[in-house]
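Heads up, the thing below is written out as structure tokens.
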Amino acid sequence: MTDSKTSRKLYKYGIGAALALVLLFGLSRCATVSYLSQAVKGHLRIMWARQPIARIEAGELDSISLGKLKMVLMVRAFASDSLGLPRNKSYTMFSQVKGRYLGWNVYCAPEFSVEPKLWCFPIAGCVVYRGYFSEEAARNFAAEMKKEGYDVYIGGFSAYSTLGWFKDPVLSTQLGMDSVDLAGLIIHELAHQELYKPGDSRFSEAFAVTVERAGVLRWLRSLGRNDQVSKALKTWDEEDRRAEEILSVRTRLNDIYHSGLDTTLLLQKKDSILRELKQYLFKTDRPDIELNNAFIAPVSTYFSLVPQFGKILDSCNGNFPEFYQKMKEKSHE
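As structure tokens, this is what we get:
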């Protein structure tokens, strides 16, 4: 597991949506009884802990956390009023959960492939991760996959979505985020409720990221916070540069994996390319950080289509409902 600022930024959208949908619609061919059991327990723990944000009183949380929850309600209203996103009770409630992370996602990819292993569930379709509410369970599953020869990456997640099937709450694990990131998370998750294409994580995530970024900018400008607009744009530029570098490395690795080289040479070239990437991302050769195909593979899921979808939004001149309609039509192509 790599627990760096870079990896947390790149994988901040790893959520437990598939877990909730598994418990809603039963076991699929890729699910097991133990996996379903931990999904049910984790989901119920979150749902039972919910309380309306409007009823939380001073003293129950510190003043900073209370301030962020009040901001969430403002963003929630703005998302429906100005962005045309679903109007429901999602993110008007709060759940206190233990720990820094809500759960852990396990990503896997073959030793010589940049294509991630997929897990398929009812309704959610196929996704590039398998989520666990227990770190021990995630690590045990990762160990099993390593024994089968897969590259493995474990990333903690702090968000959870049922795609609107339940009244999703804001979680205590999210209150450590800065205000702009938290606002973006709320808009991102509501965007998933507006449009989610089962079995196509690339489409769904790129759509949500596009709505998130444009929505955050509109929200900040409505408040006259131009300094925060500049900061957000700078943050996203840095995020995109990291993603572009990883996607470039992904292309290089894909080329050598299809080059016909023997295993020894493949390993040498793979290790060399990944060392270069580690130096770029972390400016050091940290032994506690392992980069592999599993770390790289999901990046294309979250970022590769964002520029394309951004152009479609621009063509709508900022009309979000028109953009949603165009994207719904595109999702059926």
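In my numbering, the protein residues as written are 23 to 355.
Beta carbons are placed, not taken as given, at the ideal position from N, Cα and C, and that holds for glycine.
- Within the same chain, Cβ atoms closer than 8 Å to the Cβ of residue 109 are found at 102, the five residues on either side in sequence being excluded.
- Counting every other CB atom within 10 Å of its CB across the protein chains shown gives residue 196 a total of 16 or more, marking it as buried.
- A direct Cα-to-Cα measurement between residue 88 and residue 75 gives close to 9 Å.
- Beyond the five residues adjoining it in sequence on each side, residue 232 comes within less than 7 Å, by CB distance, of 328, 331, 332, 335 in the same chain, given in chain order.
- Boundaries of the beta strand (DSSP E) around residue 175: 172-179.
- Within the stretch 116-203, the complete alpha helix (DSSP H) runs of at least 4 residues fall at 157-169.
- Counting along the chain, residue 109 sits inside no beta strand (DSSP E), nor does DSSP assign it H or E at all.
- Burial of residue 191 is indicated by the presence of at least 16 other C-beta atoms within 10 angstroms of its C-beta.
- Counting the other CB atoms within 10 Å of its CB gives residue 223 a total of 16 or more, which places it among the buried residues.
- Spanning the alpha carbons of residue 141 and residue 149 requires a straight line of approximately 5 Å.
- Residue 241 is positioned such that its CB atom lies no closer than 8 Å to that of residue 342.
- Pairing residue 252 with residue 168, the inter-Cα distance amounts to about 43 Å.
- Non-local C-beta neighbours of residue 344 in its own chain, meaning closer than 8 Å and more than five positions away in sequence, comprise 338, ordered along the chain.
- For residue 72, the three-state secondary structure derived from DSSP is strand.
- Here DSSP, grouped into helix, strand and coil, assigns residue 319 to coil.
- At the C-beta level, residue 321 and residue 245 stay beyond 8 Å of one another.
- In the three-state reduction of the DSSP assignment, residue 217 falls in the coil class.
- Between residue 315 and residue 220, the alpha-carbon positions lie close to 24 Å from each other.
- Relative to the Cα of residue 214, the nearest Cα in the group 182, 193, 284 belongs to 182.
- Note on residue 250: 16 or more other CB atoms within 10 angstroms of its CB, so buried under the neighbour-count rule.
- Residue pairing of residue 80 in beta bridges, as defined by DSSP: 83.
- Measuring C-alpha to C-alpha distances from residue 104 to each of 66, 187, 243, 284 identifies 243 as the nearest.
- Collapsing the DSSP output to three states places residue 280 in coil.
- Here residue 299 is buried, its C-beta having at least 16 other C-beta atoms within 10 Å.
- Within the same chain, Cβ atoms closer than 7 Å to the Cβ of residue 125 are found at 38, 64, 153, 154, 155, 179, the five residues on either side in sequence being excluded.
- Contact between the stretch 78-98 and the stretch 159-166 is absent: fewer than three C-beta pairs spanning the two stretches fall below 8 Å.
- Listed in chain order, the non-local C-beta contacts of residue 73 below 7 Å within the same chain comprise 115, 116, local neighbours out to five positions each way being set aside.
- Contact between residue 136 and residue 319 holds, with the beta-carbon distance rounding to 5 Å and staying under 8 Å.
- For the pair residue 229 and residue 212, the CB atoms are not nearer than the 8 Å cut-off.
- If you draw a straight line from the Cα of residue 303 to the Cα of residue 264, it is about 7 Å long.
- Distance check between residue 258 and each of 189, 275, 234 places 234 closest, using alpha-carbon atoms only.
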